[in-house]
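**Student:** This is the structure, below, for whatever I ask next.
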Amino acid sequence: GYYRKIAKLIVAQRKYLYTKLKETGLEFVDSSTNFILINMKRDSLDISQALLKKGVIVRDMGFWGLETFIRVTIGTETENKRFIQALEDVL
């Protein structure tokens, strides 16, 4: 029961993040996991550091050859709203 509840939460929050990312015009890789790869269309290290200064931790994917991508873990509704706000501020 617990894992079904968590899986349902992830699916709902993934949809929320997809909607918000589309509104910002950012491209992302559709995911079946608990994270999303987002193409920032500029240096991902700069973006990840700017988000970190706002208290939001994302993974810069430059090390893996994806210099414009960040990886974001799907969190709770509150965490995801905080991420979107920080992202909008950074953009």
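For the sequence shown, position 11 (counting from the first letter as 1) is numbered 4 according to the numbering used here, and the numbering increases by one without interruption. The beta-carbon is built from N, C-alpha and C at its ideal position, and this holds for glycine as well.
#1: Where does Val83 fall in DSSP's three states?
#2: Please classify Phe56: is it buried, with 16 or more other beta-carbons within 10 angstroms of its beta-carbon, or exposed?
#3: On the DSSP letters alone, give me the boundaries of the alpha helix (DSSP H) that Leu10 sits inside.
#4: Return the CA-CA distance between Ile3 and Gly68, expressed in angstroms with no decimal places.
#5: Return the residue from the list Lys47, Ser25 and Met33 that minimises the CA-CA distance to Lys15.
**Tutor:** The structure says:
#1: Sequence index remark: in the sequence shown, residue 83 carries index 90 (1-based). Helix at Val83.
#2: Residue mapping note: residue 56 aligns to position 63 of the sequence shown, counting from 1. When all chains shown are included, Phe56 counts as exposed.
#3: Translated into positions along the sequence shown, residue 10 becomes position 17. From DSSP, the alpha helix (DSSP H) with Leu10 extends over Tyr(-5) to Thr17.
#4: Numbered from 1 along the sequence shown, position 10 holds the residue referred to as residue 3. Numbered from 1 along the sequence shown, position 75 holds the residue referred to as residue 68. Straight through space, the alpha carbons of Gly68 and Ile3 are spaced by roughly 7 Å.
#5: Here residue 15 refers to the residue found at position 22 of the sequence shown. Minimum Cα-Cα distance from Lys15 among the listed residues Lys47, Ser25 and Met33 corresponds to Met33.
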